[in-house]
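Trainee: Anchor point for the sequence shown: position 335 equals 326 in the working numbering, and the numbering is continuous, going up by one each time.
From the three backbone atoms N, C-alpha and C, an ideal C-beta is built for every residue, glycine too.
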Amino acid sequence: MALDAETREQLLDTVRRFVRDRLRPVEAKVSEDDAVPQTLIDEMKAMGLFGLSIPAEYGGLELSMEEEALVALEIGKASPAFRSAFGTNVGIGSQGLVMFGTDAQKAKYLPGIASGEIITSFALTEPEAGSDSASVQTRARREGDVYVLDGAKRYITNAGKAQLFTVMARTDPNKKGGAGVTAFLVPRDLPGLSVGKPEKKMGQQGAHIHDVNFEGVRVPAENRLGEEGEGFKVAMQVLDRGRLHISAVCVGVAERLIADCVAYATERKQFGQPIAQFQMIQAMLADSKTECLAARALLLETARKRDAGDNVTLEAAASKLFASEMVGRVADRAVQIFGGAGYVADYGIERLYRDVRIFRIYEGTSQIQQVIVARETLKRGG
Ligand code: COS
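Next up, the structure:
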């Protein structure tokens, strides 16, 4: 469902004001405290942010991919840790269920996910299955009307708060690769499921990742998502979509950094004039602006293609590759334009420089995006 133009503008305007008035002022404190205040989470819930992508019949806003990208882009103009609070519910934590769930599964979980009452996590990565995600070792053995899960997942976003995990586990150990993998909806409170302590990270303080362990976790067979052996495809399709969401956040952070650079370069004087007057500064601004416009155009065109029902595996990977590398370069130039002020904490530029580094890694490294783009290009014949 696409919103009419006026409603879309109203939503984006509300998000822009929220970012400007509520999120930006507390960014540094959130980073220092390594926590997003509950009051802000509650405001996000009231705005419907946890349910952006959830069908309206289950209480979500049912935005199109293009609309979701525009919202994620605006949210990206504040610290990416804020987006992470609701990002799994909107993306990788819910979309397997939205795309492959039965009516009963959807009715049971989606309303709580849309409202933010249920936090979700996507548990694919393992200590020995990172980029090679088809090699998951977590086992799911069928015993009557339950599957018994044993194994360990790594670096799982929002696992500390999650009440529902989408878990990829191997049901057929005789099949190699993705073919033996099945997806499950695993409630947090099942005995044998435990979550490790939050990892200390380079950036995005306020967003958390954890190990998740499964020791004889008995998951009702009705919680299987899709058919046995379909789990890898579930994960790949969830990631196709998730990569567009991440691209949008990259573009948002880049647009914000460019605006910060313009403000600083116009104010800061050296050699008797604002540094914005110097062509070497202008060259950095021009490169950042050009690359950011290109990433935005690729993102929005791909989102529209997906909304039209096209397969966008190639384009989503290309978008994520280009946008995440782009924002890395933009952040690097921002530190350069700010000079010493870019390196000290007060201006927040060094924080964003650290925050954006993960975009080139999670939901598939840049090298994995290259693999996907190359394979799909070869498959499509050009
Ligand atoms: N949509 C639907 N099906 C897909 C798909 C997609 N985007 N990508 C792959 N598949 C299917 C393939 O068609 C193939 O099906 P068949 O066996 O029926 O032909 C199957 O899945 C296996 O695909 P493939 O052979 O391409 O698997 P590989 O093991 O070579 O791995 C990559 C594919 C590398 C692309 C995959 O492992 C990947 O994306 N890795 C990165 C994972 C990641 O992003 N991790 C981040 C953690 S999650 S935050």
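What is the rounded straight-line gap between the Cα of residue 165 and the Cα of residue 232?
Mentor: Going from the Cα of residue 165 to the Cα of residue 232 covers about 30 Å.
Trainee: Which of the three DSSP states is assigned to residue 204 in this structure?
Mentor: Three-state DSSP puts residue 204 in a strand.
Trainee: Below 7 Å, is the gap between the Cβ of residue 224 and the nearest heavy atom of the ligand COS?
Mentor: True, at least one ligand heavy atom lies under 7 Å from that Cβ.
Trainee: Just to confirm the assignment: which complete alpha helix (DSSP H) runs, minimum length 4, are found wholly within the stretch 28 to 116?
Mentor: Runs found: 29 to 38, 56 to 66, 71 to 81, 86 to 91 and 94 to 106.
Trainee: Between which residues of its own chain and residue 382 is the CB-CB distance below 6 Å, once the five residues before and five after are set aside?
Mentor: In the structure as shown, the chain starts at -8 and stops at 373, and residue 382 therefore has no counterpart that could be examined.
Trainee: I need the boundaries of the alpha helix (DSSP H) containing residue 349, first residue and last residue.
Mentor: No alpha helix (DSSP H) holds residue 349; DSSP gives it neither H nor E.
Trainee: Identify every run of the alpha helix (DSSP H) within the stretch 260 to 338, keeping only runs that are complete inside it and at least 4 residues long; order them along the chain.
Mentor: Complete alpha helix (DSSP H) runs here, min 4: 270 to 298, 304 to 329 and 331 to 334.
Trainee: Identify the residues that DSSP records as bridge partners of residue 147: which are they?
Mentor: In DSSP, residue 147 forms a bridge with 201.
Trainee: How is the alpha helix (DSSP H) around residue 2 delimited, first residue to last?
Mentor: Here the alpha helix (DSSP H) through residue 2 covers -4 to 9.
Trainee: Report buried or exposed for residue 202, applying the criterion of at least 16 other Cβ atoms within 10 angstroms of its Cβ.
Mentor: So residue 202 counts as buried.
Trainee: Is residue 170 near the ligand COS, going by C-beta to nearest heavy atom under 7 Å?
Mentor: For the ligand COS, at least one heavy atom lies less than 7 Å from the Cβ of residue 170.
Trainee: Is any heavy atom in the ligand COS found nearer than 7 Å to the beta carbon of residue 361?
Mentor: Not so, every heavy atom of the ligand COS lies at least 7 Å from the Cβ.
Trainee: Let me check understanding here. Comparing Cα to Cα, which of 82, 158 and 95 lies closest to residue 143?
Mentor: Selected option, being the one with the closest Cα: 158.
Trainee: Measure the alpha-carbon distance for residue 138 versus residue 226 and round it to whole angstroms.
Mentor: If you take the alpha carbons of residue 138 and residue 226, they lie about 19 Å apart.
Trainee: For residue 50, I'd like the list of residues in its chain whose CB is within less than 8 Å of its CB, leaving aside the five on either flank, ordered along the chain.
Mentor: The residues are 42, 101, 102, 105 and 106.
Trainee: Here's the rule: buried if 16 or more other CB atoms are within 10 angstroms of the residue's CB, otherwise exposed. What is residue 297?
Mentor: Result: buried.
Trainee: Using 7 Å as the cut-off, classify the Cβ of residue 83 as near or not near the heavy atoms of the ligand COS, replying yes or no.
Mentor: Correct: residue 83 has its Cβ closer than 7 Å to the ligand COS.
Trainee: In its own chain, which residues sit with a C-beta less than 6 Å from the C-beta of residue 259, not counting the 5 before and 5 after it?
Mentor: Taken in chain order, the residues that qualify are 266.
Trainee: Assuming residue 350 contacts residue 241 (C-beta within less than 8 Å), just tell me the rounded distance between them.
Mentor: Contact holds; Cβ gap of about 5 Å.
Trainee: Locate the beta strand (DSSP E) running through residue 185, then write down its first and last residues.
Mentor: Here the beta strand (DSSP E) through residue 185 covers 184 to 186.
Trainee: DSSP on residue 356, reduced to helix/strand/coil?
Mentor: In the structure shown, residue 356 sits in coil (DSSP, three-state: anything other than H, G, I, E or B).
Trainee: Could you give the distance in angstroms between the alpha-carbon of residue 118 and the alpha-carbon of residue 163?
Mentor: C-alpha separation (whole angstroms): 20 Å.
Trainee: Whole angstroms is fine: what's the gap from residue 75's alpha carbon to residue 262's?
Mentor: Rounded to the nearest angstrom, the two C-alpha atoms are 42 Å apart.
Trainee: Is the beta carbon of residue 124 within less than 7 Å of some heavy atom of the ligand COS?
Mentor: Result yes, Cβ under 7 Å from the ligand COS.
Trainee: For residue 127, which of helix, strand or coil comes out of DSSP?
Mentor: Correct three-state label for residue 127: coil.
Trainee: Can you tell me whether residue 142 is helix, strand or coil according to DSSP?
Mentor: Residue 142: strand per DSSP, three-state reduction.
Trainee: Going by beta carbon distance, what residues of the same chain come within less than 6 Å of residue 199, once the five residues before and after it are set aside?
Mentor: If we look at residue 199 and ignore the five residues flanking it on each side, its Cβ neighbours are 151 and 189.
Trainee: In three-state terms, what does DSSP make of residue 26?
Mentor: It is coil, neither helix nor strand.
Trainee: Do the stretch 268 to 277 and the stretch 332 to 352 meet, that is, are 3 or more Cβ pairs less than 8 Å apart?
Mentor: Flag = no, the stretch 268 to 277 and the stretch 332 to 352 do not touch.
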